[in-house]
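*Asks:* Protein chains in written order, with this note's numbering: chain D, 152 to 457; chain V, -7 to 280.
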């Protein structure tokens, strides 16, 4: 055993040089692509964020932290951050709560678990653009399904209609976000629930615990690491929302759905304020990074690799 | 006869008690959730099959008319065939690139010894934390400088490698016994020969998982194609759909036919691979 191990280390040491050249070849495409389209752009956007530049003129003007300061003072950017936070919190809380409910019910040994799981997962693989288009028309004033359903139930839809209503537009966008994400959360929760030993529940039942007690005292604490994972994944994804608002509301009405992703896109590609837009990107990065650090703190850097 | 009387003697209460109410309640909750999940799909398909003049007529959720001509009309109104071609080329390029390049890189990280390996791996993983929004503008500027705007190169090349793919396959490769490599090396195989003859043939499920994830990502992607294409001939299906909505927004039946068309490929791939796909998602979550 030890002889073989020694042989093996000797063998691999003698082959290190072969390893190096093979590694250089195998990693070359990945390194070139990462350097050119990840690392360099990241540094370059840091540089742009302290410059004022329209993307065309040959000169960039150094403005220091001016762009960041302008963002800090900009009511539009603050509004975008508030909208994005609201969307993120709404989507994350509702998405996690509903998916836990559905996963627990699916895990209760009822029939058709696979069919339900399939149906709940469908929105996850649907393109956000297609989903946004359909939801936009579901919410169409008068003839959209939402209005038809409400009328059938004898209720009056809000006026102005959903996506034109400053109180409702963001709620609808959150609803679409939850709808799109629920299946993903459910699948991960279900896998976690199936890992909880049945004996815990049996023991608790013997001790006279009702189903609510079992849920509260066994399921919730044991599933907590998965909940944390899903919360953080959801926060990061939601913070970067773009497609849905671009298609459904374009930020309206009166900026109530104007998320930072949309504002950044507009600043960069419609108004050509590349410095301001880059600074926005870095603020988003800082926020997402802070959230990732929390994830690391809870999971340890190694397991949090994803 | 006697069974009936026996049941009657116990009264309706006994019968009611035998109905599993809690199960019914659970199904009721799950079904109402499932209803919300599928309403958009039903509505989309039903509308796409309605004659234009009946657009606003109930019933809404199940097709009662089958106007398949809407699909050909939508394809005439906008160059969906061209969008499809663009999406297929882009998706194909990204999937092939990610599978090959991630596999090569993962092999180096899982099997080869070289200085700085772990630092480089952490650096690659670290790029996953960088939000796309931050690198969007410089990436656009680079692609513009290279003269790639409105080309497949711009749509494909920057996304041909993924840190997630490298991470996924590295895990997978670490599960393949090293004895196989060593035996092949004694037989005179080179390092890349081992990758090609031993690792790749043994990692079918891992490569397929990455391939499907890459496919879903690429087919549904929106922001990057939006930024690097201006020419209508270079639009992908998702872009085409968003633009179509802008122009034909009032012609719901056509718009929904276009939406069904845009959604179909990912839904089909998902339905064909669903058990296994869902399992991969569940595992990736538990590992993460």
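Glycine included, each C-beta is placed from N, C-alpha and C at the ideal position.
For residue 93 of chain D, does the three-state DSSP call read helix, strand or coil?
*Replies:* Because chain D in this structure spans residues 152 to 457, residue 93 of chain D falls outside the shown range and cannot be described.
*Asks:* Show which residues of chain D have a CB atom less than 9 Å away from the CB atom of residue 240 of chain V.
*Replies:* Reading the second chain from its first residue, position 248 is the one you call residue 240 of chain V. Correct list: empty, because the minimum Cβ distance to chain D is about 11 Å.
*Asks:* With distances taken from CA atoms, which of V:142, V:84 and V:275 is nearest residue 163 of chain V?
*Replies:* In the second chain, the residue the question calls residue 163 of chain V occupies position 171. Out of V:142, V:84 and V:275, V:275 has the C-alpha closest to the C-alpha of residue 163 of chain V.
*Asks:* Which residues bound the alpha helix (DSSP H) around residue 353 of chain D?
*Replies:* As a working note, residue 353 of chain D is residue 202 in the first chain. Per DSSP, residue 353 of chain D belongs to the alpha helix (DSSP H) from 349 to 357.
*Asks:* Pick out the complete alpha helix (DSSP H) segments inside the segment 222 to 267 of chain V, 4 residues or longer, and give them in chain order.
*Replies:* You should have 229 to 240.
*Asks:* Where in the segment 242 to 291 of chain D do unbroken runs of the beta strand (DSSP E), each at least 3 residues long, occur, reported from the N-terminal end onward?
*Replies:* DSSP runs (the beta strand (DSSP E)) wholly in the segment 242 to 291 of chain D: none.
*Asks:* Check whether the segment 195 to 212 of chain V touches the segment 146 to 161 of chain V, taking contact to mean three or more Cβ pairs, one atom from each stretch, closer than 8 Å.
*Replies:* With the cut-off at 8 Å, the segment 195 to 212 of chain V and the segment 146 to 161 of chain V touch.
*Asks:* Kindly say whether residue 209 of chain D, judged by its beta-carbon, lies nearer than 8 Å to any beta-carbon of chain V.
*Replies:* Residue mapping note: residue 209 of chain D aligns to position 58 of the first chain, counting from 1. So no, residue 209 of chain D is outside the interface.
*Asks:* Quick check on the burial criterion: 16 or more other C-beta atoms within 10 angstroms. Buried or exposed for residue 368 of chain D?
*Replies:* Counted from its first residue, the first chain places residue 368 of chain D at position 217. Answer is exposed; the Cβ neighbour count stays below 16.
*Asks:* Compute the Euclidean distance between the alpha carbons of residue 209 of chain V and residue 107 of chain V, then round it to the nearest angstrom.
*Replies:* Mapped onto the second chain, residue 209 of chain V falls at position 217. Mapped onto the second chain, residue 107 of chain V falls at position 115. Cα-Cα distance, rounded: 33 Å.
*Asks:* Inspect the beta-carbon positions of residue 315 of chain D and residue 398 of chain D and report whether they are closer than 8 Å.
*Replies:* For the purposes of this step, residue 315 of chain D is taken as the residue at position 164 of the first chain. For the purposes of this step, residue 398 of chain D is taken as the residue at position 247 of the first chain. Their beta carbons are not under 8 Å apart, which means residue 315 of chain D does not touch residue 398 of chain D by this criterion.
*Asks:* Assign residue 36 of chain V to one of three DSSP states: helix, strand, or coil.
*Replies:* Looking up residue 36 of chain V in the second chain gives position 44. Here residue 36 of chain V sits in helix by DSSP.
*Asks:* Should residue 233 of chain V be flagged as near chain D, meaning a C-beta pair shorter than 8 Å?
*Replies:* Residue mapping note: residue 233 of chain V aligns to position 241 of the second chain, counting from 1. Chain D contact via Cβ: present.
*Asks:* Hey, residue 252 of chain V and residue 141 of chain V are a contact pair by Cβ (cut 8 Å); roughly how many whole angstroms apart?
*Replies:* In the second chain, the residue the question calls residue 252 of chain V occupies position 260. In the second chain, the residue the question calls residue 141 of chain V occupies position 149. Not quite, the Cβ-Cβ distance comes to about 31 Å (not below 8 Å), so this is no contact.
*Asks:* From residue 375 of chain D to residue 189 of chain D, what distance separates their C-alpha atoms?
*Replies:* Here residue 375 of chain D refers to the residue found at position 224 of the first chain. Here residue 189 of chain D refers to the residue found at position 38 of the first chain. Rounded to whole angstroms, residue 375 of chain D to residue 189 of chain D spans 33 Å at the Cα level.
*Asks:* Which residues of the segment 256 to 267 of chain V have a Cβ closer than 9 Å to any Cβ of chain D? Give them in chain order.
*Replies:* Cβ contacts with chain D: 258, 259, 261, 262, 263, 266 and 267.
*Asks:* Under 9 Å between beta-carbons, which chain D residues line up against residue 137 of chain V? List them in chain order, please.
*Replies:* In the second chain, residue 137 of chain V corresponds to position 145, counting from 1. Ordered by position in chain D, no residue passes the 9 Å Cβ test against residue 137 of chain V, which lies about 11 Å from the chain.
*Asks:* Going along the chain, which residues of the segment 20 to 43 of chain V sit with their C-beta nearer than 8 Å to a C-beta in chain D?
*Replies:* Those would be 21, 22, 25, 26, 28, 29, 30, 31, 32, 33, 35, 36 and 39, in chain order.
*Asks:* Would you call residue 262 of chain D buried or exposed, if buried means 16 or more other Cβ atoms sit within 10 Å of its Cβ?
*Replies:* Here residue 262 of chain D is taken as the residue at index 111 of the first chain, counted from 1. By the neighbour-count rule (16 or more Cβ atoms within 10 Å), residue 262 of chain D is not buried but exposed.
*Asks:* Applying a beta-carbon distance threshold of less than 7 Å, which residues of chain V neighbour residue 195 of chain D?
*Replies:* On the first chain, position 44 is the one that residue 195 of chain D refers to. The answer, in chain order, is 130.
*Asks:* Suppose the cutoff is 6 Å on Cβ atoms and the five residues either side in sequence are ignored; what does the same chain contact list for residue 280 of chain V look like?
*Replies:* As a first step, residue 280 of chain V must be located in the second chain, where it is residue number 288. Because the pLDDT of residue 280 of chain V is 42, which lies under 50, any placement of that residue in the model is unreliable, and the question is left without a value.
*Asks:* Three or more C-beta pairs closer than 8 Å, one from the segment 29 to 42 of chain V and one from the segment 274 to 288 of chain D: is that the case here?
*Replies:* Counting Cβ pairs under 8 Å, three or more are found: they touch.
*Asks:* Residue 203 of chain D by DSSP, collapsed to three states: which one?
*Replies:* Counting from 1 along the first chain, the entry for residue 203 of chain D is found at position 52. Strand at residue 203 of chain D.
*Asks:* So, for residue 93 of chain V: in the same chain, excluding its five sequence neighbours on each side, which residues have a beta-carbon less than 7 Å away from its beta-carbon?
*Replies:* By 1-based counting over the second chain, the position of residue 93 of chain V is 101. Only 152 and 153 meet the Cβ criterion.
*Asks:* Within this structure, are the beta carbons of residue 219 of chain D and residue 325 of chain D separated by less than 8 Å?
*Replies:* Your numbering for residue 219 of chain D matches position 68 in the first chain. Your numbering for residue 325 of chain D matches position 174 in the first chain. Cβ distance not < 8 Å, so residue 219 of chain D and residue 325 of chain D don't count as in contact.
*Asks:* What does residue 71 of chain V touch in chain D if you count any residue whose Cβ is under 9 Å from its own?
*Replies:* The residue given as residue 71 of chain V occupies position 79 in the second chain. The premise fails here: residue 71 of chain V is roughly 17 Å from chain D at the closest Cβ pair, so nothing lies under 9 Å.
*Asks:* At a CB distance below 7 Å, what residues from the segment 73 to 87 of chain V approach chain D? Give them in sequence order.
*Replies:* Listed by position along the chain: nothing, the set is empty.
*Asks:* Residue 341 of chain D touches chain V at which residues, Cβ-Cβ below 8 Å?
*Replies:* On the first chain, position 190 is the one that residue 341 of chain D refers to. Under the 8 Å cutoff, chain V gives 274.
*Asks:* What's the C-alpha gap between residue 358 of chain D and residue 344 of chain D?
*Replies:* Walking along the first chain from the start, residue 358 of chain D turns up at place 207. Walking along the first chain from the start, residue 344 of chain D turns up at place 193. Cα to Cα, residue 358 of chain D sits roughly 21 Å from residue 344 of chain D.
*Asks:* Quick one: does residue 211 of chain V have its CB under 8 Å from some CB of chain D?
*Replies:* Your numbering for residue 211 of chain V matches position 219 in the second chain. With 8 Å as the cut-off, residue 211 of chain V counts as an interface residue toward chain D.
*Asks:* Since residue 331 of chain D is in the alpha helix (DSSP H), which residue starts that stretch and which ends it?
*Replies:* Residue mapping note: residue 331 of chain D aligns to position 180 of the first chain, counting from 1. Per DSSP, residue 331 of chain D belongs to the alpha helix (DSSP H) from 320 to 344.
*Asks:* Which residues bound the alpha helix (DSSP H) around residue 410 of chain D?
*Replies:* Numbered from its first residue, the first chain carries residue 410 of chain D at position 259. Premise fails: residue 410 of chain D is in no alpha helix (DSSP H) and is neither H nor E.
*Asks:* Which residues in chain V have a C-beta closer than 7 Å to the C-beta of residue 276 of chain D? List them in chain order.
*Replies:* As a working note, residue 276 of chain D is residue 125 in the first chain. Going along chain V in sequence order, the residues near residue 276 of chain D (Cβ under 7 Å) are 208, 258, 259 and 262.
*Asks:* So, does the segment 383 to 390 of chain D touch the segment 438 to 452 of chain D, judging by three or more C-beta pairs under 8 Å?
*Replies:* Touching, yes.
*Asks:* Which residue wins for smallest C-alpha separation from residue 248 of chain D, given the options D:291, D:337 and D:322?
*Replies:* Position 97 of the first chain, counting from 1, holds the residue named residue 248 of chain D. Minimum Cα distance to residue 248 of chain D is reached at D:337.
*Asks:* Looking only at its own chain, which residues have a Cβ that is under 7 Å from the Cβ of residue 206 of chain D, when we skip the five neighbours before and after it?
*Replies:* Here residue 206 of chain D is taken as the residue at index 55 of the first chain, counted from 1. Same-chain partners within the cutoff: 423 and 425.
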